[in-house]
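S.K.:
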Amino acid sequence: MTKLVPTPGQTVGPFYGYALPFEKDNELLPPGFPGSIRLQGTVYDGAGHTIPDAILEIWQPDADGKVVQRTGSLVRDGYTFTGWGRGAVGNSGVFTFTTVNPGPTKPGAAPFISVALFARGLTNRLFTRIYLPEDTEALANDPLLSSLDPERRKTLIARRDPDGGLTWDIRLQGEGETVFLDFQ
Amino acid sequence: MPEDITAELESEELVPPAEPKAAHQPLDKAIESQADLSAEINAIGEAYRRALKDGGQPEIQPRLDYPPYRSSILRHPTKSLQHADPETIELYSPAFGHQDVHALESDLTIQHNGEPLGERIIVSGKVLDGDGRPVAGQLVEIWQANSSGRYIHKRDQHPAPIDPNFTGIGRCITGPDGSYRFTTIKPGAYPWKNHLNAWRPAHIHFSLFGTEFTQRIITQMYFPGDQLFPLDPIYQTIVDQDARDRLVATYDHSLTEPEWALGYNWDIVLTGPKRTWTENEALGAAGDEE
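Chains A and B, in that order, give the protein sequences.
For the first sequence, our numbering assigns the number 115 to the initial residue and increments by one for each residue that follows.
For the second sequence, our numbering assigns the number 1121 to the initial residue and increments by one for each residue that follows.
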């Protein structure tokens, strides 16, 4: 089969704010829904300043590790977990999602949330992952994490908050630079 | 990074508010000229063409590190992207369907009581994967400036008129053959604060999903023959001419409708796929039919 050459990406630019966000875009489940958690973080640039114009998407399995293939993300009914959400950062660079802890997609696999990041000044989207911190044996056996040195590895592992939520920051550049992924 | 550059990065694109009948005044803060920027752009382009001639691989995606686009300076990773084999979740994409998107959302000219001003156009094409398979039943989102180059966004304050009959956002779900079709208004070029007298070529932002999350892409579609192409640091983040050309639509008279709208064709090819397809999936995503 002939391979076609992919179309290049371009920056999301500064003006996505009236187009990409939608009502409850960052609420994969309503806040307070049984089993729901808050996932939050801050996006920083290479000078350590927060970025006010970044937008993230998360895509994850449900709490049982099943990949969900249900429509309805754009018009949320408050009950259907679609596994996908979108959240723009606020002026202080902070993003928030309401979601569930992803389950392992196979026994022994380290559960993670897949992330696509877009920002003004970012010429193409970046992919990364948010791993849950608890299953240290699964984390140690994870093919991606085990290929990274310890300093870089920890940029992909979220912190567990006292309220059961997750905190995970993104550093685009410099000290503590987040590991971004190439799947090609 | 020196303080003054940081301050400039933070203030860029914040053009002074439009006031009725205000004379246009370029910001004195943007001291770099187009000639300065063009020299940088051309030097990078020449170095790339030399490398290509010496047997280098063509670069098919934009450079993350492209200093002429000033706001990328502090926003690109300095470490190489880490190669990863996509795992289960990454080999699937979120599902969208007609529950998510109304059919009328693909017509950007009927979202208000009156007709928007400008040149009515039809933009149509197919979303394909790297094997040439149609990406069926997937979400396409677009956003754009109006015909005078103004975005409905609080950060766009340049003195060009807002069109009360044009918002500039559209969505659709691709057909079984991967096709999409929007009716809209040809966007205008708009000024920005990368440097003095910086203008973006007219473009439509496109957001696309594939059958795998690793295929997720946001990009921009341009119009053929735009004189601003060589001057634009964002278009030029893609250093390869063939790759840049892939973002330019083709005027297509067979899409043009008599006494109604001019037609442009633009096909989008996503990366991958990585996953082995089942026969069922090859027939098209189920959409709402689950």
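Note that CB positions come from ideal geometry on N, CA and C, so glycine has one too.
Note that the structure is a prediction, hence the values are computed from the model and not measured.
Quick check: what's the CA-CA separation for A:Ala-58 versus B:Leu-1348?
M.R.: Outside the modelled stretch of chain A, which goes from 115 to 298, sits residue 58 of chain A, for which no answer is possible.
S.K.: So for B:Gln-1154, helix, strand or coil by DSSP?
M.R.: helix
S.K.: Is the beta carbon of A:Asp-283 sitting closer than 9 Å to the one on A:Tyr-158?
M.R.: yes
S.K.: Who are the neighbours of B:Lys-1394 on chain A, taking C-beta pairs under 8 Å?
M.R.: The answer, in chain order, is Phe-297.
S.K.: For chain B, check one thing: does any of its Cβ atoms lie closer than 9 Å to the Cβ of A:Thr-196?
M.R.: yes
S.K.: I need the DSSP call for B:Arg-1336, collapsed to helix, strand or coil.
M.R.: coil
S.K.: Of all Cβ atoms in chain A, is any one closer than 9 Å to the Cβ of B:Pro-1344?
M.R.: no
S.K.: Show which residues of chain A have a CB atom less than 7 Å away from the CB atom of B:Lys-1105.
M.R.: No information on residue 1105 of chain B is available, as it lies outside the stretch 1121 to 1410 that chain B covers here.
S.K.: Rounded to a whole number of angstroms, what is the C-alpha to C-alpha distance between A:Gly-290 and A:Thr-242?
M.R.: 14 Å
S.K.: Cα separation between A:Leu-280 and A:Gly-146?
M.R.: 15 Å
S.K.: Say whether chain B places a C-beta atom closer than 9 Å to the C-beta of A:Ile-165.
M.R.: Closer than 9 Å: yes.
S.K.: Note down, in chain order, each residue of its chain lying with its Cβ closer than 6 Å to the Cβ of A:Gly-288, except the 5 sequence neighbours on either side.
M.R.: Gly-160
S.K.: In the structure shown, what three-state DSSP assignment does B:Lys-1246 receive?
M.R.: strand
S.K.: So, at 6 Å on beta carbons, what are the nonlocal neighbours of A:Pro-218 in its own chain, with the 5 sequence-adjacent residues on each side left out?
M.R.: Gly-179, Pro-225
S.K.: Exposed or buried, what is B:Glu-1133 when buried is set at 16 or more other beta-carbons lying within 10 Å of its beta-carbon?
M.R.: Here B:Glu-1133 scores only 43 on pLDDT, less than 50, and its place in the model should not be relied on; the value that follows carries that caveat. Answer is buried; the Cβ neighbour count reaches 16.
S.K.: How would you write the range of the alpha helix (DSSP H) that A:Arg-310 sits in, first residue to last?
M.R.: Summary: the structure shown does not reach residue 310 of chain A, with chain A confined to residues 115 through 298, and so no result is reported for it.
S.K.: Can you tell me whether B:Gly-1250 is buried or exposed, with buried defined as 16 or more other CB within 10 angstroms of its CB?
M.R.: buried
S.K.: Sorted by chain position, which residues of the same chain lie with C-beta nearer than 7 Å to B:Ala-1265's C-beta, five sequence neighbours on each side aside?
M.R.: Tyr-1271, Gly-1288, Pro-1307, Gly-1308, Tyr-1310
S.K.: When the cut-off is 9 Å and only beta carbons count, does A:Asn-205 lie next to chain B?
M.R.: no
S.K.: Could you give the residue range of the beta strand (DSSP E) that holds A:Leu-253?
M.R.: Per DSSP, A:Leu-253 belongs to no beta strand (DSSP E); it is in the alpha helix (DSSP H), 250-255.
S.K.: Out of curiosity, what's the CA-to-CA distance linking B:Tyr-1186 and B:Trp-1380?
M.R.: Distance between the alpha carbons of B:Tyr-1186 and B:Trp-1380: 41 Å.
S.K.: For chain B, find out if any of its Cβ atoms is closer than 9 Å to the Cβ of A:Leu-258; answer yes or no.
M.R.: By this cut-off, A:Leu-258 is an interface position.
S.K.: Indicate the three-state DSSP secondary structure (helix, strand or coil) for B:Thr-1198 in the structure shown.
M.R.: Here B:Thr-1198 sits in coil by DSSP.
S.K.: Got a sec, what are the start and stop residues for the alpha helix (DSSP H) B:Gln-1361 sits in?
M.R.: For B:Gln-1361, the uninterrupted alpha helix (DSSP H) segment begins and ends at 1361-1365.
S.K.: Mind pulling the alpha helix (DSSP H) runs of 4 or more residues that sit fully within the region 1217-1273 of chain B?
M.R.: The qualifying runs do not exist here; there are none.
S.K.: For the putative contact between B:Ser-1192 and A:Leu-236, defined by C-beta atoms under 8 Å, what is the C-beta separation to the nearest angstrom?
M.R.: 7 Å
S.K.: Any C-beta of chain D within less than 9 Å: which residues of the region 127-139 of chain A qualify?
M.R.: Among the chains of the structure shown, chain D does not appear; the protein chains present are A and B.
S.K.: Whole angstroms are fine: how far does the CA of A:Asn-238 sit from the CA of A:Val-126?
M.R.: If I take the Cα positions, the gap works out to 8 Å.
S.K.: Using a Cβ-Cβ cut-off of less than 8 Å, give me the residues of the region 1166-1189 of chain B that come near chain A, in sequence order.
M.R.: Ile-1180, Gln-1181, Pro-1182, Arg-1183, Leu-1184, Tyr-1186, Tyr-1189
S.K.: Measure from the C-beta of A:Arg-274 to each C-beta in chain B and report whether the shortest distance is under 9 Å.
M.R.: no
S.K.: Leaving out five residues on either side along the sequence, give the residues of the same chain with a beta carbon under 7 Å from the beta carbon of A:Tyr-130.
M.R.: Closer than 7 Å at the Cβ level, and outside the excluded window around A:Tyr-130, lie Ile-169.
S.K.: Mind reading off the beta-carbon distance from B:Thr-1339 to B:Pro-1393? Whole number of angstroms is fine, and I expect it under 8 Å.
M.R.: Actually they are not in contact, since the Cβ atoms of B:Thr-1339 and B:Pro-1393 sit about 18 Å apart, beyond 8 Å.
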